[in-house]
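Visitor:
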Amino acid sequence: MTAFQPGLTLSRLFYAEAVRPLLSDRPHAAARLGPGSDVLGLDTPRSTDHDWGPRLELFVDDDTGELDTRLREHLPKRFHGWPTHFEPPGARVRSMADTDGPVDHYVTVTSFPRWCRGRLGFDPAAGVTTLDWLATPWQRLAEITGGAVFHDPDQTLSRVRGQVRWYPPDLWRYVLAAQWQRLAEEEPFPARAAEAGDDLGARVLTARLTREIARLALLLTRRWPLYPKWLMAALPPDPVTVHLDAALRADPAHEREDALCTALELLAERQNALGLAAELPATRREFFDRGYAVIGADRFASALHDAITDPDLRARPLTGSIDQITDSTAVLGDLELCRSLVAHRP
C-alpha cells in the first residue's frame with residue numbers, strides 16, 4: 001500500500017518532477033484547480049478510489065495534441081507509488097490503474113480562458129458582471145479560488161483567481177440579505193411543529209435551518225459555501241458550529257430553539273462588526289405573541305438591502321445567487337441553465 005498524502009502535495013511534486021521536465025521551454029502555467037476533494041483540502045484515503053492521483057491542469061495558449069502525445073508516451077507509469085494512468089478513457093469519473101501501454105494521463109491540457117469558460121461559464125479576465133457572479137454556483141467559485149498554482153510566470157492565473165476571490169461589497173450585501181431572508185421564511189417553523197406534536201417535523205426543520213445558518217456563517221467570513229457533501233466540513237470549529245451541533249443533538253424542542261437562536265445571535269453580531277449595514281440589536285425576540293424565540297432574520301435582510309447603493313441590485317427580487325434559488329444538481333451542473341434562471345426577472 002502506498003502511503004496517503006494530500007492530493008495537492010502529490011500534484012505539486014508530479015508537476016515539478018514528472019511533467020515540467022517534458023515541457024522544455026514551452027510557455028505554460030500549471031495548477032491543480034477544478035473539481036475534486038483535493039482542491040478543497042478535504043481529501044482522505046477514501047478519495048483515492050476515483051478522480052484522485054497524480055493530476056493537474058496545464059495551461060498553454062495553443063496545442064495541437066502534440067503535448068498530450070508527449071505526456072502519454074513519456075510520463076512514468078507510476079509516480080511516488082501511484083499509477084499515472086487513469087481508466088476508463090475519457091469518462092466523467094476515472095480511477096488510477098496500471099498499464100503496459102501509453103499513459104492515459106489526467107493532465108488537462110488547454111488554454112486558461114477556455115478552461116474558465118468551461119468551469120465558470122465566462123472568462124473573468126474580460127470582467128465579471130452581476131450575472132456572472134449570481135449565476136455561478138458557489139462550488140465552482142470555490143474550485144477556481146481553491147487548489148494550488150504551481151507555475152504562473154505572467155501571474156495570469158493569480159490575477160483571475162483574485163478577481164473571483166469574493167463578491168464586491170454591494171453584491172455581498174445582496175447575497176447576505178437573501179440568506180437572512182431564507183432564514184426568516186422558516187425560523188418559527190420548528191417551534192410550531194413541536195407545539196403541534198410533530199417532533200419529527202420539528203427536527204427536519206431544525207436541520208434545514210442548520211444548513212442555512214451554516215451557509216450564512218461561511219458567507220459572513222468570505223468563504224464560498226460548498227455543496228452538501230462538504231458544507232459542514234468547511235465550517236471552522238468556532239462557537240457557531242458548536243451551537244449548530246447542539247441544535248441537531250438536542251432532544252427537548254426548547255433546547256433546539258435556544259441553540260439555533262444563540263448561533264444566529266453570534267452571526268448577527270458578526271454582521272454588525274462588518275459594518276455592511278445599519279447596526280441592529282443581535283438578540284432574539286418573540287415571534288408575534290406565540291412564545292417562539294426567533295432572531296427576526298428579516299430585520300437583517302432589510303438592513304442589508306437598504307445599504308445597497310447599486311440601483312440595479314436594489315431593484316432585483318431578493319432571490320440571491322443560483323445556490324439560493326435552487327439546490328438541484330441538474331440545474332447547478334448546467335451553467336447555461338443557471339444563467340438563464342438568474343437572468344430571468346419577472
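Just so you know, we're using UniProt numbering here: the sequence shown kicks off at 1 and counts up by one. For every residue, glycine included, the Cβ atom is placed at its ideal position computed from N, Cα and C.
Here's a check: name, in chain order, each residue in its chain whose Cβ is nearer than 7 Å to the Cβ of residue 266, leaving out the five neighbours to either side.
Guide: On the sequence shown, position 266 is the one that residue 266 refers to. The residues are 239 and 240.
Visitor: Please go through the stretch 33-119 and give each complete alpha helix (DSSP H) segment of 4 or more residues, from N-terminal end onward.
Guide: Here the runs fully enclosed are 66-74.
Visitor: Could you work out which residue in 101, 74 and 81 is closest to residue 87 when comparing CA atoms only?
Guide: Reading the sequence shown from its first residue, position 87 is the one you call residue 87. Answer by Cα proximity: 101.
Visitor: Where does residue 286 fall in DSSP's three states?
Guide: Counting from 1 along the sequence shown, the entry for residue 286 is found at position 286. Of the three classes helix, strand and coil, the one that applies to residue 286 here is strand, per DSSP.
Visitor: For residue 194, collect the residues of the same chain with a Cβ closer than 7 Å to its Cβ; drop the 5 residues on either side in sequence, then sort them by chain order.
Guide: Taking the first residue of the sequence shown as 1, we reach residue 194 at position 194. Closer than 7 Å at the Cβ level, and outside the excluded window around residue 194, lie 202 and 253.
Visitor: At what residues does the beta strand (DSSP E) containing residue 300 begin and finish?
Guide: Within the sequence shown, numbered from 1, the residue matching residue 300 stands at position 300. Careful: residue 300 lies outside any beta strand (DSSP E), inside the alpha helix (DSSP H) at 297-307.
Visitor: At what residues does the beta strand (DSSP E) containing residue 148 begin and finish?
Guide: Start at 1 with the first residue of the sequence shown, and residue 148 comes out as number 148. For residue 148, the enclosing beta strand (DSSP E) begins and ends at 148-151.
Visitor: Kindly provide the ranges of any alpha helix (DSSP H) runs that are 4 or more residues long and lie completely inside the stretch 142-186, ordered along the chain.
Guide: 156-163 and 169-186
Visitor: May I have the straight-line CA-CA distance separating residue 319 from residue 148, to the nearest angstrom?
Guide: One-based indexing of the sequence shown puts residue 319 at position 319. One-based indexing of the sequence shown puts residue 148 at position 148. C-alpha separation (whole angstroms): 33 Å.
Visitor: Report all residues from its chain with a CB closer than 6 Å to the CB of residue 332; omit the five preceding and five following residues, and keep chain order.
Guide: Numbered from its first residue, the sequence shown carries residue 332 at position 332. Hits under 6 Å: 137.
Visitor: Kindly indicate the opening and closing residues of the alpha helix (DSSP H) around residue 265.
Guide: What you label residue 265 is simply residue 265 of the sequence shown in a count that begins at 1. It spans 253-274 - the alpha helix (DSSP H) in which residue 265 sits, taken as one unbroken run.
Visitor: To the nearest angstrom, how far is the alpha carbon of residue 314 from that of residue 179?
Guide: One-based indexing of the sequence shown puts residue 314 at position 314. One-based indexing of the sequence shown puts residue 179 at position 179. Their Cα atoms are separated by approximately 15 Å.
Visitor: Please report the Cβ distance between residue 57 and residue 34, rounded to the nearest whole angstrom; I am assuming they are in contact, meaning their Cβ atoms lie under 8 Å.
Guide: As a first step, residue 57 must be located in the sequence shown, where it is residue number 57. As a first step, residue 34 must be located in the sequence shown, where it is residue number 34. 6 Å between Cβ atoms; contact.
Visitor: Residue 242 by DSSP, collapsed to three states: which one?
Guide: Counted from its first residue, the sequence shown places residue 242 at position 242. Correct three-state label for residue 242: helix.
Visitor: Quick check on residue 31: does DSSP put it in helix, strand or coil?
Guide: Within the sequence shown, residue 31 is the residue found at index 31, counting from 1. In the structure shown, residue 31 sits in a strand (DSSP, three-state: E or B).
Visitor: Between the C-alpha atoms of residue 65 and residue 159, what's the straight-line distance to the nearest angstrom?
Guide: To locate residue 65, count along the sequence shown from 1; it is residue 65. To locate residue 159, count along the sequence shown from 1; it is residue 159. Near 27 Å, if we compare the C-alpha coordinates of residue 159 and residue 65.
Visitor: For residue 117, I'd like the list of residues in its chain whose CB is within less than 7 Å of its CB, leaving aside the five on either flank, ordered along the chain.
Guide: Position 117 of the sequence shown, counting from 1, holds the residue named residue 117. Hits under 7 Å: 123.
Visitor: Quickly, what does DSSP pair residue 293 with across the bridge? List them, please.
Guide: Walking along the sequence shown from the start, residue 293 turns up at place 293. Its beta-bridge partners are 286.
Visitor: What residue from 107, 91, 164 and 94 has the CA that sits closest to residue 125's CA?
Guide: Translated into the one-based positions of the sequence shown, residue 125 becomes position 125. Out of 107, 91, 164 and 94, 164 has the C-alpha closest to the C-alpha of residue 125.
Visitor: In terms of residues, what are the limits of the alpha helix (DSSP H) holding residue 279?
Guide: Stepping through the sequence shown from its first residue, residue 279 is reached at position 279. Counting along the chain, residue 279 falls outside any alpha helix (DSSP H), and DSSP gives it neither H nor E.
Visitor: So does the stretch 40-53 actually touch the stretch 61-78, counting three or more Cβ pairs closer than 8 Å?
Guide: no
Visitor: Sort 76, 130 and 230 by Cα distance to residue 175 and report the nearest one.
Guide: For the purposes of this step, residue 175 is identified with residue 175 of the sequence shown, where counting begins at 1. The alpha carbon of residue 175 has as its nearest neighbour, out of 76, 130 and 230, the alpha carbon of 130.
Visitor: With respect to the alpha helix (DSSP H) encompassing residue 333, which residues constitute its N-terminal and C-terminal limits?
Guide: Sequence index remark: in the sequence shown, residue 333 carries index 333 (1-based). Where residue 333 is concerned, there is no enclosing alpha helix (DSSP H), given that its DSSP letter is neither H nor E.
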